[in-house]
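Asker:
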Amino acid sequence: MCSILIVDDEETHRTLFKEILERQDYKIYTSHSAVDAIEACRLNPDIGVVLTDINLGGEMDGISLTTRLRANKPEIVTLVMTGYNEEYPIDFCMSLGIREVLYKPISTEDLLNVMDCSIKHQERRKRYLLMYGG
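Positions in the sequence shown are counted from 1; adding 303 to them yields my numbering.
1. At what residues does the beta strand (DSSP E) containing Tyr-332 begin and finish?
2. Per DSSP, what are the beta-bridge partners of Met-384 in this structure?
3. Could you check whether Ile-357 and Ile-366 sit closer than 9 Å to each other, using their CB atoms as the reference points?
4. Thinking C-alpha only, which one of Glu-362, Gln-425, Leu-346 and Met-384 is nearest Ile-309?
5. Roughly how many angstroms lie between the CA atoms of Gln-425 and Met-434, to the nearest whole one?
6. I need the DSSP call for Ile-379, collapsed to helix, strand or coil.
7. Please determine, among Lys-330, Asp-311 and Leu-324, the residue with the shortest C-alpha to C-alpha distance to Ala-337.
8. Could you check the C-alpha separation between Leu-399 and Leu-405 for me, to the nearest Å?
9. In chain order, what residues of the same chain lie with their CB nearer than 8 Å to the CB of Tyr-332, ignoring the 5 residues before and after it?
10. Is there a Cβ of chain B sitting closer than 9 Å to that of Arg-345, yes or no?
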């Protein structure tokens, strides 16, 4: 099973999501910025799902991060979360290959359901790319 990277500039969100997902035996990495997340993905090839906030408070937002990550690692599944309803339209996010847009606050049940589906999707995508190329 692949690992999950949580990217959020707010430590409380990173910690909360990490604790919830670790209780389900997921291996979790966390990053506080897009730059740190890119480095984490480079150093940890087992990362297959990235959950990132859209607003990361730095030079690069979560949308730009997902675009960069998918350019380098097409099998990665990206999910974005936001506290705002219309920050980026859902259809725009989906056109970039983002699998889900989650709105804060995110319930534990929703988080676990989305992660379970995303892990399965990542495994299928990885197998497909191995068989048919990128």
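All residues carry an ideal CB built from backbone N, CA and C; glycine is no exception.
Answerer: Result, derived from the coordinates:
1. 331 to 334
2. Note: Met-384 sits in a beta bridge opposite Asp-356 and Leu-405.
3. yes
4. Met-384
5. Cα-Cα distance, rounded: 14 Å.
6. coil
7. Asp-311
8. Rounded to whole angstroms, the separation of the alpha carbons of Leu-405 and Leu-399 is 15 Å.
9. Ser-306, Ile-307, Leu-308, Ile-309, Ala-343, Asn-347 and Ile-350
10. Absence of chain B from the displayed structure is noted, only one protein chain being present.
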